[in-house]
Amino acid sequence: MARELKVLNALDAAKTQWYHFTTIVIAGMGFFTDAYDLFSISLVTKLLGRIYYFDPSSRTPGTLPPNVSAAVNGVAFCGTLAGQLFFGWLGDKMGRKKVYGMTLMLMVICCIASGLSFGSRPTGVMATLCFFRFWLGFGIGGDYPLSATIMSEYANKRTRGAFIAAVFAMQGFGNLTGGIVAIIISAAFKARFDAPAYKDDPAGSTVPQADYAWRIVLMFGAIPALLTYYWRMKMPETARYTALVAKNAKQAASDMTQVLNVEIVEEPEQTEELAARHEQFGLFSRQFAKRHGLHLLGTTVCWFLLDIAFYSQNLFQKDIYTAVNWLPKAETMNALEEMFRISRAQTLVALCGTIPGYWFTVFFIDIIGRFVIQLGGFFFMTAFMLGLAIPYHHWTTPGHHIGFIVMYGFTFFFANFGPNSTTFIVPAEIFPARLRSTCHGISAAAGKAGAIIGSFGFLYAAQSTDPKKTDAGYPPGIGVRNSLFVLAGCNVVGFFFTFLVPESKGKSLEELSGENEDDEAETSATAEYRAAPA
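For reference, each letter of the sequence shown is one residue, going 1 to 534 in the UniProt record's numbering.
So this is what it looks like as structure tokens:
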């Protein structure tokens with residue numbers, strides 16, 4: 001049985017070693033790139049509107065038309081959703097390592113290609129950009145199930161949550177770096193190519209050189225991904241995949257002997273017995289539904305609802321900042337000044353709200369558990385969103401915008417010290433090895449479906465109810481205040497679906513998935529999974 005396999009016991013009981021940290025960095029740099037690529041687009045969309053949709057007769061700077069803005073902001077999420085399902089499935093079929101390099105190279109190529117988007121007309125440039133960002137998202141999607149699964153299968157059971165959370169926490173640094181790079185690029189271009197405000201000179205407020213600024217920002221995302229490609233290719237396949245799925249006990253023992261620097265005896269007979277006993281049920285079987293059906297429902301719904309709120313906030317921070325008068329009116333700035341101020345605002349929120357939340361999860365997840373963190377995160381996200389929405393008119397009056405930003409930052413803090421981290425961690429722990437990557441991909445894809453709804457829907461929903469105050473080309477929406485009420489409602493539903501997700505703190509992966517149990521013990525195991533966490 002799995003708990004008697006020495007190679008798996010050795011992994012579960014291993015002390016924290018250098019290979020744990022190298023795995024965190026190798027897997028984490030993929031997430032660093034993921035976050036940089038997904039969120040950097042929000043830093044340059046205002047600039048894209050000024051460059052490619054300038055209207056000399058308008059009193060306000062050019063903006064992306066609604067359909068173009070929705071496509072530019074959301075197309076990468078469509079690619080990510082497809083990539084999560086495809087590479088999640090492929091990771092269980094071919095092995096984690098074989099697929100891991102494919103996703104990274106796809107990200108590198110499409111990062112560079114996004115910055116080289118071409119076209120003789122604005123629509124051509126935007127169409128090319130959307131094409132490459134879709135495939136960029138496809139590569140990013142593969143990184144979700146593979147990185148989570150690899151880290152969970154390498155980690156010991158005592159600190160597994162912290163290690164997976166540390167991989168995911170690299171998103172925060174990717175988000176922060178995106179803002180810093182955009183600040184540096186916009187400041188450098190602004191200093192070299194000064195321009196008047198739009199209200200003073202509409203045509204002259206956007207210098208031709210600004211067209212290079214957004215391209216450099218997008219292309220920079222290829223650098224960290226390229227730097228880690230070699231090390232990804234040097235990683236051995238995880239012992240759990242090799243032993244339990246590929247059924248190669250000799251190779252698993254050999255790989256982990258090198259990694260752990262201890263001699264591990266191969267156990268081919270026990271490995272084959274275990275794999276044969278548990279391979280009879282697949283993803284769509286009654287046995288899977290009985291054992292893990294509610295778990296998969298819980299992980300998918302929670303991730304779906306969380307991402308509606310999380311990504312709608314993240315992608316449209318710039319619109320919220322303008323609504324509460326934290327950013328000056330667009331016509332009072334030139335193009336590069338606007339990019340600089342948007343980037344500075346998002347960097348401040350990432351530094352003060354986003355990154356601390358991730359690392360609170362890293363430090364506390366193996367102490368208080370996944371269940372409590374996720375439940376508390378949904379609760380406080382709801383509370384702070386209602387705190388923003390109910391007195392919204394108060395926050396928009398002069399002198400109160402700092403309070404709004406502080407409250408807004410706390411919603412990000414509790415998203416990351418909450419369901420944004422735990423929805424990534426738990427699906428990598430509770431499903432069988434042969435379906436682990438697939439189930440994580442399904443859960444993550446549900447999240448990206450929520451992100452698509454958030455990014456497309458919030459774009460329209462957040463428009464003013466007054467037709468005279470909407471952005472050019474947009475119909476009236478329900479306003480930022482009512483949109484915040486909707487997002488708070490998503491968090492409430494997520495709070496209750498959290499009760500379907502089992503606590504995995506301190507348990508081995510085989511114990512959680514049932515791979516170390518006899519068939520006749522399956523019924524009692526299901527009851528154990530549903531038990532409330534300690």
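By construction, the Cβ of each residue, glycine as well, lies at the ideal position given by its N, Cα and C atoms.
Task: Alpha carbon of Asp55 to alpha carbon of Thr300, nearest angstrom - done: Each residue's alpha carbon lies about 44 Å from the other.
Open item on the list: Which same chain residues end up closer than 7 Å to Leu64 when comparing Cβ atoms and leaving out the 5 residues on each side of it in sequence?
Closed with: Thr45, Leu48, Gly49, Tyr53 and Val72, listed in sequence order.
Task: Where Leu315 falls, given that 16 or more other Cβ within 10 Å makes a residue buried - done: Annotation note: pLDDT 46 at Leu315 (below 50); position unreliable, coordinate value reported separately. With 16 or more other Cβ atoms within 10 Å, it is buried.
- [ ] Answer yes or no: do Cys302 and Phe497 have a C-beta to C-beta separation smaller than 8 Å?
- [x] yes
Open item on the list: Tell me the rounded alpha-carbon separation between Pro202 and Pro61.
Closed with: 7 Å
TODO: Answer yes or no: do Thr347 and Gly179 have a C-beta to C-beta separation smaller than 8 Å?
DONE: yes
Task: Simplified DSSP assignment, three categories, for Leu283 - done: coil
Task: the segment 241 to 253 contacting the segment 421 to 438, beta-carbon criterion three pairs below 8 Å - done: yes
Task: Straight-line gap, Gly293 to Phe371 (C-alpha atoms, nearest Å) - done: 18 Å
Task: Beta carbon of Met407 nearer than 8 Å to that of Gly377 - done: no
Task: Buried/exposed call for Lys93, threshold 16 Cβ in 10 Å - done: exposed
Task: Val245 - DSSP class collapsed to helix/strand/coil - done: In this structure, DSSP gives Val245 a helical state, which the three-state scheme calls helix.
Open item on the list: Which same chain residues end up closer than 7 Å to Ala445 when comparing Cβ atoms and leaving out the 5 residues on each side of it in sequence?
Closed with: Leu81, Gln84 and Leu85
Task: Stretch pair the segment 166 to 186 + the segment 456 to 475: three plus CB contacts closer than 8 Å - done: no
Open item on the list: Using a Cβ distance threshold of 8 Å, determine whether the segment 112 to 120 contacts the segment 407 to 418, with at least three qualifying pairs required.
Closed with: For the pair of segments examined, the segment 112 to 120 was found not to touch the segment 407 to 418: the number of CB pairs separated by less than 8 Å stays below three.
Task: Limits of the unbroken alpha helix (DSSP H) element including Arg158 - done: Taken as a continuous stretch (DSSP letters only), Arg158 belongs to no alpha helix (DSSP H), as it is neither H nor E.
- [ ] Taking the CB atoms as reference points, tell me whether Asp37 and Ile140 lie closer together than 8 Å.
- [x] yes
Open item on the list: Could you compute how far the alpha carbon of Phe485 sits from the alpha carbon of Met385?
Closed with: 7 Å
Open item on the list: I'd like to check one pair, Ile24 with Ala166: are the Cβ atoms closer than 8 Å?
Closed with: yes
Task: Whole-angstrom distance between Cys78 and Gly447, CA atom to CA atom - done: 11 Å
TODO: Report buried or exposed for Trp135, applying the criterion of at least 16 other Cβ atoms within 10 angstroms of its Cβ.
DONE: buried
Task: Boundaries of the alpha helix (DSSP H) in which Tyr100 is found, first to last residue - done: Arg96 to Gly115
- [ ] Going by CA-CA distance only, name the one from Gly450, Ala449 and Ser117 that's closest to Leu218.
- [x] With distances taken between Cα atoms, Leu218 lies closest to Ser117.
TODO: Could you have a look at Ala534 and say whether DSSP puts it in helix, strand or coil?
DONE: Confidence in Ala534 is poor, its pLDDT being 40 and thus under 50, which makes the residue's placement too unreliable to answer from.
TODO: Would you identify the three-state DSSP class for Met333, choosing helix, strand or coil?
DONE: DSSP places Met333 in coil when its eight states are reduced to three.
- [ ] Between the Cα of Pro145 and those of Trp89, Tyr154 and Tyr198, spot the shortest distance and give me the residue it belongs to.
- [x] Trp89
Task: Inter-stretch contact (C-beta, 8 Å, three-pair minimum) for the segment 356 to 364 and the segment 391 to 402 - done: no
Task: Beta-carbon contacts of Arg481 that lie in its chain and below 7 Å, excluding the five residues immediately before and after - done: Excluding positions up to five away in sequence, the list reads Ala389 and Tyr392.
Open item on the list: Quick check on Gln374: does DSSP put it in helix, strand or coil?
Closed with: helix
Task: Length-filtered (3 minimum) beta strand (DSSP E) runs lying within the segment 393 to 480 - done: none
Open item on the list: On the criterion of 16 or more Cβ atoms from any shown chain inside 10 Å, does Ala197 qualify as buried, or is it exposed?
Closed with: Around the beta carbon of Ala197, 16 or more other beta carbons lie within 10 angstroms, which makes this residue buried.
Task: Enclosing alpha helix (DSSP H) for Gly30 [first to last residue] - done: Trp18 to Tyr52
- [ ] Could you check the C-alpha separation between Gly506 and Asn248 for me, to the nearest Å?
- [x] In a straight line, the C-alpha of Gly506 is about 27 Å away from that of Asn248.
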